[in-house]
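Residue numbers (my numbering): 1 to 394. What follows is one structure encoded as structure tokens, with my remarks underneath.
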Amino acid sequence: MKHSILSKNILLLLISGFFYFASPMLVTPLITGFSESLGAGAAFMGMVGGMMNLCSLFCRPTVGSFIDRVSKYRLSMAGLLLMTAACAGYLFSASPLMVLFFRIVNGAGFALCSSSMSTWVSLLLPPDRIGSGMGIYGMMNALAMAVAPSIGVVLYQTLGYRVSFVIAAVFTALAMVLIQFVTDRGEPVPRPVSSEAGERGNKVTDSPKRLTLVEPKVLPIALIIMLFAIPYCATQSFIVRYTETRSLAVTVSLFFPIYAAALLLLRLTMRNLFDRLRFPVFFAGSSVCAFLAILLLALMQSNLPMCAAAVLMAGGYGIMSSVCQSRAIVVAGREHAGLGNSTYYIGLDLGMTLGPVLGGLLYGSVDVRLFYPLLLLCVPAAVLVFFLNRRTLS
């Protein structure tokens with residue numbers, strides 16, 4: 001089974017990955033409006049909107065500490081059960097406080113599911129195909145990110161909030177059904193014994209009783225993906241207000257569909273390169289793409305530069321998210337793949353949390369024309385992190 005990049009087990013996990021990721025993506029554009037309909041004020045709406053990612057961020061170190069010691073099937077099931085319970089909770093919520101509580105439940109489930117399922121996939125892949133395999137897995141997540149928000153908005157507009165939450169629960173339930181048919185349950189990889197560690201010149205530091213929250217070797221990768229994610233997530237939250245405030249004659253609704261289409265195309269056409277090219281090559285190309293994307297957003301006056309920025313953003317943040325994840329798994333080693341993966345997600349969660357926060361601070365405190373020039377500083381910061389850790393990352 002493990003000799004094929006698209007074995008039955010991996011295909012089942014790819015489809016499950018689409019459904020579990022589509023569930024929160026469907027809910028995200030609706031949840032703040034739903035909490036407002038229950039009486040939430042503006043500040044509380046913002047708290048509801050960001051609570052899932054914030055909870056997920058705080059859960060990651062705990063998840064990472066035991067993910068390599070437990071069956072990935074059991075962890076994925078636990079995460080999917082929590083996510084399904086959260087969607088059911090939204091359905092029956094009668095107050096904003098109840099919605100906030102179930103956002104916390106959703107965040108805990110998402111942290112469990114995202115870390116364990118992606119680690120599960122990586123363990124089923126041949127070691128020399130981790131890059132391309134995780135690229136395909138990331139493509140399924142990107143597809144869910146592209147289509148699920150639109151499904152949610154259409155369902156809300158035609159049938160209301162609560163029916164949308166039912167469909168989100170159906171998505172996680174489908175993922176639960178699919179993983180029942182995966183024959184390899186992702187049991188823990190045996191750890192090196194003392195003699196093996198001695199041969200490598202390392203001490204045995206991973207006894208079963210030791211609690212390890214992050215993989216130190218993956219921290220530079222986590223910092224890099226955080227710095228790439230901040231401008232993208234700030235754009236996700238503020239591009240509409242940015243274009244309105246500057247009175248730009250652009251069709252802003254085109255940005256994210258073009259980004260998603262470009263990302264899917266790039267990941268399909270480059271899938272074999274993920275295993276052939278080294279990390280510095282991808283980092284250099286994605287850094288240039290991210291820099292140009294943010295620069296175009298700062299200078300745009302029409303649809304053409306905005307659309308070009310969307311394509312370049314896919315080549316920047318979109319490609320680096322896959323490359324960083326696969327590199328994190330390789331750097332951590334297969335016996336620590338879960339901890340490495342969890343550390344990567346800590347960086348991603350930080351970027352997804354800090355992007356809207358920093359975007360809000362910039363939008364409210366500086367001239368709007370400086371919004372993107374200041375976000376542009378994230379790219380040289382990522383380059384600095386790379387050069388300080390180039391031996392590990394190369």
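For each residue, glycine too, the CB sits at the ideal point set by N, CA and C.
| Item | Value |
| --- | --- |
| Backbone secondary structure at Ile151 - three-state DSSP | helix |
| Pairwise C-alpha distance: Phe58 and Leu227 | 19 Å |
| Given Pro96 as reference, the closest of Ala43, Phe279 and Val240 once Cα atoms are compared | Ala43 |
| Beta strand (DSSP E) runs contained entirely in the stretch 26-81, provided each spans 3 or more residues | none |
| Helix, strand or coil at Pro188 [DSSP, three-state] | coil |
| For Leu213 and Val323, the rounded distance between their alpha carbons | 22 Å |
| Range covered by the alpha helix (DSSP H) that runs through Val379 | Cys378 to Leu388 |
| Cβ separation of Gly152 and Tyr73, assumed to be a contact under 8 Å, to the nearest whole Å | Incorrect: roughly 28 Å between the Cβ atoms, too far for contact. |
| For Gly17, three-class secondary structure by DSSP | helix |
| Classification of Thr412 by the beta-carbon crowding that lies within 10 angstroms, buried from 16 upward | Since the first residue of the chain shown is 1 and the last is 394, residue 412 is not available in this structure. |
| Residues of its chain near Leu14, where Cβ-Cβ distance is below 7 Å and the 5 sequence neighbours each way are ignored | Ile136, Tyr137 and Met140 |
| Beta carbon of Ser448 nearer than 9 Å to that of Gly355 | Past the boundaries of the shown model lies residue 448; the chain is included only from 1 to 394, so the question cannot be answered. |
| Three-state secondary structure (DSSP) of Pro126 | coil |
| Closest residue to Val70 among Asn106, Ile167, Leu112 and Ser164 (Cα-Cα distance) | Leu112 |
| Beta carbon of Val400 nearer than 9 Å to that of Asn106 | A question about residue 400 goes unanswered here, because the residues of the chain that appear run from 1 up to 394. |
| Alpha helix (DSSP H) segments (min. 4 residues) lying fully within the stretch 328-381 | 337-365 and 371-375 |
| Spatially closest choice to Ala337 from Ser37, Ile230, Met134 and Tyr317, by CA coordinates | Met134 |
| Rounded separation between Gln325 and Gly41 - CA only | 37 Å |
| Residue environment, Asn341, which counts as buried when at least 16 other CB atoms sit within 10 Å | buried |
| Leu124: CB within 8 Å of a non-hydrogen atom of the ligand GTP | With respect to the ligand GTP, the structure offers nothing, as it holds no ligand at all. |
| Segment contact, 8 Å Cβ cut-off, at least three pairs: the stretch 294-306 with the stretch 372-392 | yes |
| Where Thr251 falls: helix, strand or coil (DSSP) | coil |
| Pairwise C-alpha distance: Tyr90 and Ile329 | 35 Å |
| Separation of Ser7 from Pro396, as counted between CA atoms | What the structure shows of the chain is the stretch from 1 to 394, and residue 396 is not part of that stretch, so it cannot be assessed. |
| Short Cβ contact (9 Å threshold) for Val385 with Ile130 | no |
| Validate contact between the stretch 241-259 and the stretch 267-284 using beta carbons, cut 8 Å, 3 pairs | no |
| Start-to-end residues for the alpha helix (DSSP H) that takes in Asn303 | Asn303 to Met313 |
| Minimum C-alpha distance to Val48 - residue among Ser253, Val366, Gly315 and Thr353 | Thr353 |
| Local conformation of Ser326 per DSSP, three classes | helix |
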